[in-house]
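Enquirer: Residue 339 is where the sequence shown starts when you use the numbering used here, and the numbers rise one by one after that.
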Amino acid sequence: MIRPRTDLLGLSAVLILGAACTSAPPKEEPNVIMRDTLTEDDQEIPAPRMRPAVSADNPQDGDSGPDVEMAMLTEGRTHIAPGGVQITLEALQAGSPPNVRLVFRTDKEESATEFRAKYGEGIAFGVLYKIDIDGEEATLRVEPTKLTGPIDVATAGDIAKKDFTERMNCDGERMQAVGNTNGTVSVRVMRGEEEVVCATTVGLYTRAIVE
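What follows is the structure, given as structure tokens:
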């Protein structure tokens, strides 16, 4: 039975604005390759072109390909991610924001997630995914990972704080963080109860600022 991932729904917390942290060195961008999606006749489980499973000790074991894969999806299309995980854009209803439903399948398991946003991220069966929605198309980016879950709200606040310290006129009395169902946290610097000085979005799985 498909169980939508809604663990972030309604998550909220208030964080105290503290001292600035030094920025981490820039992360080297991995190799990226575009891959075609499956045809309707090719959506079998296990996938015909299933790649070797990712090792828990070394994500690159058994995989001589690139670290990151990208694919263009439309509603109903499927992409085979590292380890043979099938990611299907089961539903995409354009709008502001759009409605999105993703389904993840292996030969033994299935899960799904739904959100209303132009961007989403998460981890499914050892694969880290990001998806950007543009009208009736979506850009999917996937890579193998040893991560198993999201960071907590306090850690997201620390990441946001680094971003805020690099901005001009981004001083306030406190930070407020609210979890979203698309795998992100919205963090705001507040002055008083209602004035938002500046804001940013942090990915709970990518552990980075969402542009």
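Ideal Cβ placement from N, Cα and C applies to all residues, glycine included.
Which residues mark the beginning and the end of the beta strand (DSSP E) in which I471 is found?
Expert: In the sequence shown, counting from the first residue as 1, residue 471 sits at position 133. V465 to D472 is the extent of the beta strand (DSSP E) around I471.
Enquirer: So what does L478 bridge to, in DSSP terms?
Expert: In the sequence shown, the residue the question calls residue 478 occupies position 140. L478 is bridged to A409 and I469.
Enquirer: Determine the DSSP secondary structure at Y543, reduced to helix, strand or coil.
Expert: Numbered from 1 along the sequence shown, position 205 holds the residue referred to as residue 543. Three-state DSSP puts Y543 in coil, outside helix and strand.
Enquirer: Three-state secondary structure (DSSP) at A498?
Expert: Locating residue 498 in the sequence shown gives position 160, counting from the first residue. Correct three-state label for A498: helix.
Enquirer: When we look at the beta-carbon of T519 and count the other beta-carbons within 10 Å, is it buried (16 or more) or exposed?
Expert: In the sequence shown, counting from the first residue as 1, residue 519 sits at position 181. T519 is buried by the Cβ-count criterion.
Enquirer: Within a Cβ cutoff of 7 Å, which residues of the same chain sit near C508, ignoring the five residues on either side of it in sequence?
Expert: As a working note, residue 508 is residue 170 in the sequence shown. The answer, listed in chain order, is F502, V527, V535 and C536.
Enquirer: Since E459 sits in a beta bridge, which residues does DSSP pair it with?
Expert: Residue mapping note: residue 459 aligns to position 121 of the sequence shown, counting from 1. Bridge partners of E459: K468.
Enquirer: What's the call for E549, buried or exposed, on a 16-neighbour Cβ count within 10 Å?
Expert: Stepping through the sequence shown from its first residue, residue 549 is reached at position 211. Flag for E549 reads exposed.
Enquirer: My output table needs one value for V525: the three-state DSSP class, helix, strand or coil.
Expert: Here residue 525 refers to the residue found at position 187 of the sequence shown. V525: strand per DSSP, three-state reduction.
Enquirer: Who are the near neighbours of T412 in its chain, counting only those whose CB is closer than 8 Å to its CB and skipping five residues on each side?
Expert: Here residue 412 is taken as the residue at index 74 of the sequence shown, counted from 1. Correct list, in chain order: L427, L430, E474, E475 and A476.
Enquirer: From N396 to E532, what distance separates their C-alpha atoms?
Expert: By one-based count along the sequence shown, residue 396 stands at place 58. By one-based count along the sequence shown, residue 532 stands at place 194. Confidence is the limiting factor: at N396 the pLDDT is only 48, short of 50, which leaves the residue's position unreliable and the question unanswerable from this model.
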